[in-house]
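Quick notes on the structure that follows.
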């Protein structure tokens, strides 16, 4: 039993370290591209609705709802600057329909 607990603890720690590390430059760059594409798609959804318009308020709300899968840029956390960059990227693409 003791050996199973030890093996589980090692596996849990290894999993935590691989899942919570800071994202690489390429991962962050790819994520920002994905976020921008989501923003463009959201803009198109608003354009398709007659009584709806992509503006700062609705795009910020859409960002909050759609971009919860943000990778960490620091060990076990997301810096305020990184979170703001993600939001700015999405909202800009959402409002303008391009990136």
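In the numbering used here, the protein residues as written are 4 to 102.
Glycine is no exception: its CB is placed at the ideal position from the N, C-alpha and C atoms.
Whole angstroms is fine: what's the gap from residue i's alpha carbon to residue j's?
| i | j | result |
| --- | --- | --- |
| residue 62 | residue 45 | 8 Å |
| residue 27 | residue 42 | 23 Å |
| residue 53 | residue 84 | 35 Å |
| residue 64 | residue 88 | 16 Å |
| residue 101 | residue 33 | 16 Å |
| residue 99 | residue 80 | 30 Å |
| residue 18 | residue 40 | With a pLDDT of 45 at residue 18, under the threshold of 50, the modelled position of this residue cannot be trusted; read the value that follows with caution. Whole-angstrom Cα-Cα distance: 30 Å. |
| residue 94 | residue 60 | 9 Å |
| residue 90 | residue 25 | 19 Å |
| residue 55 | residue 66 | 16 Å |
My understanding is that residue i touches residue j, with C-beta atoms under 8 Å, so please give their C-beta distance in whole angstroms.
| i | j | result |
| --- | --- | --- |
| residue 38 | residue 70 | 6 Å |
| residue 92 | residue 35 | 5 Å |
| residue 97 | residue 57 | 5 Å |
With residue i as the anchor, note down where its alpha helix (DSSP H) starts and where it stops.
| i | result |
| --- | --- |
| residue 100 | Where residue 100 is concerned, there is no enclosing alpha helix (DSSP H), given that its DSSP letter is neither H nor E. |
| residue 29 | 28-51 |
| residue 62 | 59-69 |
With a CB to CB cut of under 7 Å and the five nearest residues on each side skipped, what residues in its chain are close to residue i?
| i | result |
| --- | --- |
| residue 31 | 74, 76 |
| residue 51 | none |
Given residue i, which residues of its chain have a CB within under 8 Å of its CB, disregarding the five upstream and five downstream residues?
| i | result |
| --- | --- |
| residue 86 | 73 |
Quick one: residues in its chain with C-beta nearer than 6 Å to the C-beta of residue i, no 5 flanking neighbours on either side, listed in chain order?
| i | result |
| --- | --- |
| residue 82 | 76 |
Using a Cβ cut-off of 7 Å (strictly closer), state whether residue i contacts chain B.
| i | result |
| --- | --- |
| residue 84 | Considering every chain present, this structure includes no chain B. It has just one protein chain. |
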